[in-house]
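Notes follow once the structure below has been shown.
Protein chains: 4
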Amino acid sequence: MKFASDNNGPVHPKIMEALMRANEGAVPSYGADDLTAQAVEKVRDVFEAPDASVFLVPTGTAANALILGSLTKPWETIFCANFAHIHVDECHAPEAFTGGAKITPVGSDIDKFNADELKTAISAFNPDNMQQSGLGPVSATQVTERGTLYSLEEIAGIAEVCREAGVPLHLDGARFANAAAALGCSAAEMSWKAGVDAVSFGATKNGAMAVEAAVIFDPAKAVEFRRRQQRGALVFSKARYLAAQMDAYLTDGLWLETAAEANRLAAALESGIAGIDGVKFAFPRQANMIFVWMPRFVHRALMDAGAYYYIEAGKLQGDDPHEPLLGRLVCDWSVDEADIAKFIDFAQGAKP
Amino acid sequence: MKFASDNNGPVHPKIMEALMRANEGAVPSYGADDLTAQAVEKVRDVFEAPDASVFLVPTGTAANALILGSLTKPWETIFCANFAHIHVDECHAPEAFTGGAKITPVGSDIDKFNADELKTAISAFNPDNMQQSGLGPVSATQVTERGTLYSLEEIAGIAEVCREAGVPLHLDGARFANAAAALGCSAAEMSWKAGVDAVSFGATKNGAMAVEAAVIFDPAKAVEFRRRQQRGALVFSKARYLAAQMDAYLTDGLWLETAAEANRLAAALESGIAGIDGVKFAFPRQANMIFVWMPRFVHRALMDAGAYYYIEAGKLQGDDPHEPLLGRLVCDWSVDEADIAKFIDFAQGAKP
Amino acid sequence: MKFASDNNGPVHPKIMEALMRANEGAVPSYGADDLTAQAVEKVRDVFEAPDASVFLVPTGTAANALILGSLTKPWETIFCANFAHIHVDECHAPEAFTGGAKITPVGSDIDKFNADELKTAISAFNPDNMQQSGLGPVSATQVTERGTLYSLEEIAGIAEVCREAGVPLHLDGARFANAAAALGCSAAEMSWKAGVDAVSFGATKNGAMAVEAAVIFDPAKAVEFRRRQQRGALVFSKARYLAAQMDAYLTDGLWLETAAEANRLAAALESGIAGIDGVKFAFPRQANMIFVWMPRFVHRALMDAGAYYYIEAGKLQGDDPHEPLLGRLVCDWSVDEADIAKFIDFAQGAKP
Amino acid sequence: MKFASDNNGPVHPKIMEALMRANEGAVPSYGADDLTAQAVEKVRDVFEAPDASVFLVPTGTAANALILGSLTKPWETIFCANFAHIHVDECHAPEAFTGGAKITPVGSDIDKFNADELKTAISAFNPDNMQQSGLGPVSATQVTERGTLYSLEEIAGIAEVCREAGVPLHLDGARFANAAAALGCSAAEMSWKAGVDAVSFGATKNGAMAVEAAVIFDPAKAVEFRRRQQRGALVFSKARYLAAQMDAYLTDGLWLETAAEANRLAAALESGIAGIDGVKFAFPRQANMIFVWMPRFVHRALMDAGAYYYIEAGKLQGDDPHEPLLGRLVCDWSVDEADIAKFIDFAQGAKP
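Protein sequences, first through last, are from chains E, Z, F and R.
The first sequence: position 233 = 245 (our numbering), numbered continuously.
The second sequence: position 29 = 41 (our numbering), numbered continuously.
The third sequence: position 219 = 231 (our numbering), numbered continuously.
The fourth sequence: position 285 = 297 (our numbering), numbered continuously.
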């Protein structure tokens, strides 16, 4: 019953097999091998972007920080949602890789912002005022940190504001596949066709071992990326093992298959606990993450039974058994349906 | 006939098997898993340093830059050999991770420096002069970038100068195992027992996929490491796969076994080409790297036959067939003895 | 009728005379001259802090950024008011001098925050969570950016929260003198006696040419300051000319005299426009700054008559003559009373 | 008898008068005043460069670091002489303002490098190798740190190498006026006409209080300068006082007059000690700095008589009265001829 994160699960067998297949003979290092070229080409194919600059890096923070570093001057500010990963979960990696840029949270919701809120936030800065921050890129997270989604129209609306302001739009897609599977759209539709300039295209949370692609659609914006990657200590010598993962991930639609499965499992978990007394969803479940208020005694019964997940608000310790605490439940493709059933059973059977 | 680098080879089967074994079920992420704890403990065991702070990172540059970042203020200078990897091959990662420190090359040789040269270099700085650099750590590379070794006495002599100057000593051990195997000494003897404060303990070039251990013997010097690692985008979510590699690498002496094999193969290659007319070794081969002057026509014959390695000085193109060009030949454990024999044959049979 | 800022005015005659007196013969540079020692001692005297570390720098941003750089790690966040100068008016100098720290705005008011709001803001961070920001210093601005004051009790309350959280408290005192004059308290009472750890002690806005003192009460926290100042290009070779200003500023209470005069002039201006129809003060005038809503036609009449000041909200252009626009009016000691009278006249006489 | 540095002297009376004249009434801050515009225009006039971007900053390190910051990427290396001020006397300000660039010393002499040496230094880098430094600007110091000069032909030769390599050429002109006076050339001839792209144009060492001009001939290279200056805490609010200095400095040729006088005084000092037994000049005196070997007993006699200057090599303490120690003697325009005569007398009269 491990629902703490979609990075708790193992590597998908097909990706592990690809690693083994790649483990043959000597090949050039630092990305000059054929498999890297092939994997990069597959990313371009999936995004229908034959000219895009594509770089394989081992962590999501690396993809975000290197892209933002490429798009942001030290005196500019990045716009994102209040709870964006880049703002609250990366220990200042964006600040480090940009050389000291700021991050300006946008909007009143914690997970998302909309085009109007972005417009307002941007209009608070006067680009001619040298004492203020300059305008930097906008970064939206898809799936958001609260498991919700931007529709394609919402993304396009945000992109329109970016275009007017003359700033690029970045998509933090650590869970890009889960979003694409949920929206039923293509990678291109959810990115450049909607006005997105750069994507952190995640694979690690969705079946890979440790690989993400940084995709920058206009190669002119990517000319410094490799230098930044190198001085960021983020270039693998045995690059083929990043490539093998990404290659397998994008072969025969595996990336969408695992994402759809993760979403389906989360939906099953959601519907199983939906009817329980005192259970209330904090955000609509739109992909593979559930944020749910449940009474303390329910959480306790689950934890006692060995469930592993995070309490995001409130404390397990406390007197009132009925006090609602916010739990976060995440599924990846590897979650056992039996565990879901067990979880639902324990939740339903919990006694104050 | 691939001798370009010890990062061209595949992952050792035992390490690949360990990755597969680790690929079971869901476990906590970001290093809170049992396998990470076990691997860290194994590093401490190998170094006979039960209190050491140990961190697993994916690249050698990451280990170097994070350790140097922890030990160096932005206004201090790091001392190292002229051709140290940190100075000429990491695209300013040490400068980036220290926030702007300098690097001061020491000595007249390109591969190594000695205690006296270090003393002279340090004495050029007046720590009371606020306009100059402050004194930062000393970094020695073992095996050096030219394939040579520091003896334990040489390391101890350098450490003595460091102690007098009040600066820490770092060992860039991307090829630590090759050095230990060649010197026939223990990890502890080549590090803290000789006065070393921190080690970048490499595994990638010696059979792993992508893992190095940053070892800091005094935990007080490591308190900031994890924050630096996080903002450096260098923390793996699925940390077990770094741990599995390091764990297998240190099990049953695999690390020394593969290193000794790499050294043995390099020695075989060395002795095979030693007698050839016009062949002259630029540096003594002491571990798994050979730097050798060979006439242009010999290089050409080898390249034509499909050999893959770097020319470090001179150009393959050129009129004089007898002009000596400097070649770099590196072996890892995976090199095929038949390839060595073939290489020697082609070299011996080359005609101007 | 120049009320745009207290940095529009000239240098006080007594300070200019001190510069001329200092202009005699050759003296050691970079602060090794007697006058620098004397000025530093005077700052210590005024603060009743004989052990304090004191540094003279040419700009307020320099004092803020160097102090915050000394107190903040790159992965920590600084807490301050929403409209703090360090957050919105220094073009990322704090981010640059800390190497990439964040700034977290505190509270619901734009000018000030209180102890409870600070406690809440700090409690949102879990210091054990390596993905989040670490806790950095708290910075309060006195006089605030909206001309209001923290009482000594408010400062002490904030300091108490800082002590509990184990973080230092910085006071941005670009208008320190105006605040001390208004509160009728000593420099010590408004700083270390209330729990403040470091002060940016301004002089430029209050009669000097270009000098501020960075005062750090615990010298152990200041050991890196001089290095930071040097690499920040902020050490004057002819340091005596910074010292001469600060020395004169602190001689015979000039600093409090000019500040009291500035406050008095602002009070006169305030009371002169207070009765006018449609005039409404946005913040209480507590020192030398006035934030006042006035109808567009009043602003226009004033601007047409040659008044020079900033419109902080709204635009001078616009159809509705009665729409209130927020004006900022600031006095230094040099403001001409006749200009105040003229300004009041034009405001009173304005016609829609 | 103060010859320690040309920053020991006072402000020239004409510059002090200009400061007093500027001290009238209220004017816009941060450089929006008329006097700043006028001073900037005068700099352009002196350089015959009507389109140049010109910024006034308070220190020479500020001019150097901001210019180099504008011209250098964090992964590039700056080329300069071994003893360049930017390399050994600015406590990593260039590293800080570039975000972590390196500095590569060029040539075998400590004061200067020549075109051939520069070519060799540049050719050691392969711009296609992402692990190495990229090519950054070249910085030459005129007058050099050892008091010597580059001829116009030497500068043009260096500029030619820069052009071929596609990198800009910066001139650190802390003593630009002394060089121009010595060479008898115009500011334009010693800069853009010889191929220089940017100049740190010093005034502080030559009669000003604290002002230097950063001059960038191609405005396109200066678009970020103001933001960098602001986040560097290097923008004066009362900018008119920087402008007043520069304006007076460039009025009626004062800058060349004071420089010529400083050079003349140094020449007098040089010729006065030239004949003394055991006195040997380490470098030809070409402007206002003398580097001279004198026996220990001569130095001691001078120091005992109250002379103030630096010993650059060797120690005043020591047994052998005849051991030569390297002294540095610098004159600015304010040096007293009587002091020179006294110095010569004491040197001549010294007894072992």
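Yeah, the Cβ is synthetic: ideal placement off N, Cα and C, and Gly gets one too.
Answer with buried or exposed for L328(E), where buried requires no fewer than 16 other C-beta atoms within 10 angstroms of its C-beta. exposed
What residues in its chain sit with their C-beta under 6 angstroms from that of K114(F), if we drop five residues either side in the sequence? T89, S145
Indicate the three-state DSSP secondary structure (helix, strand or coil) for H182(E) in the structure shown. strand
Using a Cβ-Cβ distance cut-off of 8 angstroms, determine whether V23(R) contacts chain F. yes
Interface residues of chain E facing A245(Z) [CB-CB closer than 7 angstroms]: T71, T73, A74, A77, A105, G244, L246
The beta strand (DSSP E) spanning K114(R) covers which residue range? 114–118
Can you find a CB in chain R that lies within less than 8 angstroms of the CB of G112(Z)? yes
Quick one: measure Cβ to Cβ for A299(F) and A186(F), integer angstroms, because I've assumed they're closer than 8 angstroms. A299(F) to A186(F), Cβ: 11 angstroms. No contact.
Could you please give me the residues that DSSP links to A61(F) through a beta bridge? A61(F) is not bridged to any residue.
Out of curiosity, what's the CA-to-CA distance linking K10(Z) and T71(E)? Chain Z is shown only over 13 to 364; residue 10(Z) falls outside these bounds and no answer can be derived.
Quick check on DSSP: helix, strand or coil for R340(R)? strand
So, L277(E) versus L68(E), is the Cβ gap smaller than 8 angstroms? no
List the DSSP bridge partners of L80(F). DSSP, once it has assigned bridges, lists no residue as partnering L80(F).
With H, G and I counted as helix, E and B as strand and the rest as coil, what does DSSP make of C92(F)? strand
Residues sharing a beta bridge with G214(Z), DSSP: E224(Z)
According to DSSP, residues forming a beta bridge with K131(F): In the DSSP output, where bridge partners are listed per residue, K131(F) has none listed.
So what does DSSP say about F303(E), is it helix, strand or coil? strand
Can you give me the C-alpha to C-alpha distance between M142(E) and A206(E), rounded to a whole angstrom? 32 angstroms
Using beta-carbon positions only, say whether A226(R) and S249(R) come within less than 8 angstroms of one another. no
So with Cβ pairs under 8 angstroms, would you call P86(R) a contact of chain E? At least one beta carbon of chain E lies nearer than 8 angstroms to the beta carbon of P86(R).
Excluding five sequence neighbours on each side, which residues of the same chain lie with their C-beta closer than 8 angstroms to the C-beta of E29(E)? The beta carbon of E29(E) sits closer than 8 angstroms to those of A260, all from its chain and outside the five residues before and after it, given in chain order.
Measure from the C-beta of N190(F) to each C-beta in chain R and report whether the shortest distance is under 8 angstroms. no
Simplified DSSP assignment, three categories, for E324(R): strand
When you compare each of D264(Z), T73(Z), R297(Z) to T160(Z) by their alpha carbons, which one comes out closest? Nearest Cα to T160(Z) within the set D264(Z), T73(Z), R297(Z): R297(Z).
Nearest residue (CA-CA) to T84(R), options R240(R), E324(R), Y320(R): R240(R)
Using a Cβ-Cβ distance cut-off of 8 angstroms, determine whether T270(F) contacts chain R. Closer than 8 angstroms: no.
Are any of the Cβ atoms in chain R nearer than 8 angstroms to that of A274(Z)? no
Which first and last residues belong to the alpha helix (DSSP H) in which T110(E) is found? 105–110
Chain-ordered neighbours of M221(E) on chain Z, where CB pairs are closer than 7 angstroms: Near M221(E) (Cβ distances below 7 angstroms), the residues of chain Z are K250, Y253.
Can you name, in chain order, every residue of its own chain whose Cβ lies under 8 angstroms from the Cβ of A232(F), other than the five neighbours on each side? none
How do the region 33–45 of chain R and the region 278–285 of chain R stand: do at least 3 beta-carbon pairs fall below 8 angstroms, yes or no? no
Check for me: the alpha helix (DSSP H) holding L268(F) runs from which residue to which? 266–286
From this set, F95(E), S346(E), G81(E), A127(E), which residue's C-alpha is nearest A105(E)'s C-alpha? G81(E)
Thinking just about the alpha-carbon of each residue, which of D344(R), M258(R), A325(R) is nearest to the one in I27(R)? M258(R)
Let me see if you follow: with CB-CB separation under 8 angstroms, is M142(E) close to chain R or not? With 8 angstroms as the cut-off, M142(E) counts as an interface residue toward chain R.
For L268(F), tell me which candidate among A189(F), G169(F), P62(F), H182(F) has the shortest Cα-Cα distance. A189(F)
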